[in-house]
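Below you'll find the structure, written out as structure tokens, and then a few comments.
Chains as they are written, first to last, in the working numbering: chain L, 1 to 178; chain B, 1001 to 1162.
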């Protein structure tokens, strides 16, 4: 057995810790990927009775991006159980109260509803910023690819890059620059 | 009728201003024209406004005829680019310094492309990708926006109806 195959086997049988940067990522699209890692479905030894899920550390969950106007259209429902106990919270309001909640609920929904769902959710560690506690940072040995390309702001480009970029059209001769 | 009168008053005020400050005022407004002030040996003064070469003149991109798109009604159709709302270096060429989309008589686009580019400019602005090209009174930092507008969002270009 080659050295790489041997290490791959160790990684399969051990609990890996993966890092996922949620900057400009759709929580619902990335949840489809992260749920595979948390349940262990990315491994060849997966079996529903085989407890082989990995840990996933999500950073920058405050910077997640929702599609279109979903921040004001998506509603989270809660009921206290008492009469008139229903409440509806918009996604942007929930994100203001807890920047990890939209991501956590998306991953919870993406996993199959069974008895080990909450056990698998315990292996998910979400942080709103890029700061990770040292005891978690020391465990991380892998990284999950972003599911969407991260856009770059116009302020991220230098003036030379903007000026030297090819132009698609020229102004008419009598146009007043503003 | 009232509107026409108002516009006439505006035009008269403008003409008065022009007469006061000579042609220099007109030329300074037109950033694309340069005023030259020459005095001949026989005492005649020649003040001329010449068109300046556009700053983009030697940066215009063209495409080979075999790589053109199937539609050739305008240059964007010919270029056949897959423009997304995140391509801010392309979209920022179509806006003024206050973030307004340029009209079709300036951009010279076909109707479909004008609609597509205009919608994508709006998408980029809502996503806060071009927040430095905005009116002076607007929030430059997307985090300071109101309610749902402060969080990151992305758009799907297939939702543009044209």
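Just so you know, even glycine gets a beta-carbon here, dropped at the ideal spot from N, CA and C.
Computed from a predicted model, the values in this text were never measured in an experiment.
Inset, instruction - Compare the C-beta of residue 17/L with all C-beta atoms of chain B and state if any pair is closer than 8 Å. - result: no
Inset, instruction - Count the C-beta pairs between the stretch 40-52 of chain L and the stretch 71-86 of chain L that are closer than 8 Å, then say yes if the count reaches three, no if not. - result: no
Legend entry - Cutoff 8 Å: residue 1125/B Cβ touching any chain L Cβ: no
Legend entry - Start-to-end residues for the beta strand (DSSP E) that takes in residue 57/L: 55-59
Legend entry - Contact under 8 Å by Cβ, residue 34/L with residue 42/L: no
Legend entry - Amino acids of chain B, ordered along the chain, whose beta-carbon sits closer than 7 Å to that of residue 95/L: 1151
Legend entry - Minimum Cβ-Cβ distance from residue 1057/B to chain L less than 8 Å: yes
Inset, instruction - Give the straight-line distance between the Cα atoms of residue 148/L and residue 103/L, rounded to the nearest whole angstrom. - result: 15 Å
Inset, instruction - Rounded to whole angstroms, what's the CA-CA distance from residue 1070/B to residue 1155/B? Just pull it up for me. - result: 26 Å
Inset, instruction - Report the partner residues of residue 1133/B according to the DSSP bridge assignment. - result: Partner(s): none; residue 1133/B has no beta bridge.
Legend entry - C-alpha gap between residue 1047/B and residue 162/L, whole angstroms: 35 Å
Inset, instruction - Check the Cβ of residue 65/L against every Cβ in chain B and list those closer than 7 Å, keeping chain order. - result: 1152, 1153 and 1154
Legend entry - Proximal chain B residues relative to residue 173/L, where beta-carbon distance stays under 7 Å: 1051
Inset, instruction - State the Cα-Cα distance for the pair residue 1064/B and residue 1081/B, rounded to the nearest angstrom. - result: 13 Å
Inset, instruction - Taking only the alpha-carbon atoms, compute the straight-line gap between residue 144/L and residue 58/L and give it to the nearest angstrom. - result: 10 Å
Legend entry - DSSP state of residue 115/L mapped onto helix, strand, coil: coil
Legend entry - Own chain residues within Cβ distance below 7 Å of residue 39/L, not counting five before or after: 53, 111 and 120
Inset, instruction - Please report the residue range of the beta strand (DSSP E) in which residue 77/L lies. - result: 75-79
Legend entry - Contact with chain B by residue 4/L, beta-carbon distance below 8 Å: no
Inset, instruction - Would you mind stating whether residue 1036/B and residue 1058/B have Cβ atoms separated by less than 8 Å? - result: no
Legend entry - Buried versus exposed call for residue 1060/B [16 or more other C-beta atoms within 10 Å across all chains shown]: exposed
Legend entry - Close Cβ partners of residue 1166/B (< 7 Å) along its chain, the five nearest in sequence each way excluded: Here chain B comprises residues numbered 1001 to 1162, so residue 1166/B is not present and cannot be evaluated.
Legend entry - C-beta neighbour in chain L for residue 1096/B, strict 8 Å: yes
Legend entry - Limits of the unbroken alpha helix (DSSP H) element including residue 95/L: 91-97
Legend entry - Whether residue 1135/B touches residue 1098/B by CB criterion (8 Å): yes
Inset, instruction - Determine whether the Cβ of residue 167/L lies closer than 8 Å to any Cβ atom of chain B. - result: yes
Legend entry - Limits of the unbroken beta strand (DSSP E) element including residue 163/L: It is not in any beta strand (DSSP E) - residue 163/L instead sits in the alpha helix (DSSP H) that spans 159-164.
Inset, instruction - Consider the Cβ of residue 145/L: report whether some Cβ of chain B lies at a distance smaller than 8 Å. - result: no
Inset, instruction - Note down, in chain order, each residue of its chain lying with its Cβ closer than 8 Å to the Cβ of residue 108/L, except the 5 sequence neighbours on either side. - result: 117 and 121
Legend entry - Closer than 8 Å to chain L by CB, residue 1054/B: yes
Inset, instruction - Show which residues of chain B have a CB atom less than 7 Å away from the CB atom of residue 88/L. - result: Near residue 88/L there are no residues of chain B at all, since even the closest Cβ is about 15 Å away, more than 7 Å.
Legend entry - Contact set for residue 115/L: own chain, Cβ-Cβ below 8 Å, skip 5 residues either direction: none
Inset, instruction - Kindly indicate which residue of 1110/B, 1096/B and 1112/B has the alpha-carbon position closest to the one of residue 1125/B. - result: 1096/B
Legend entry - Against chain L: residues of the stretch 1131-1148 of chain B by CB proximity under 8 Å: 1131, 1132, 1133, 1147 and 1148
Legend entry - Chain-ordered neighbours of residue 1092/B on chain L, where CB pairs are closer than 8 Å: 154 and 162
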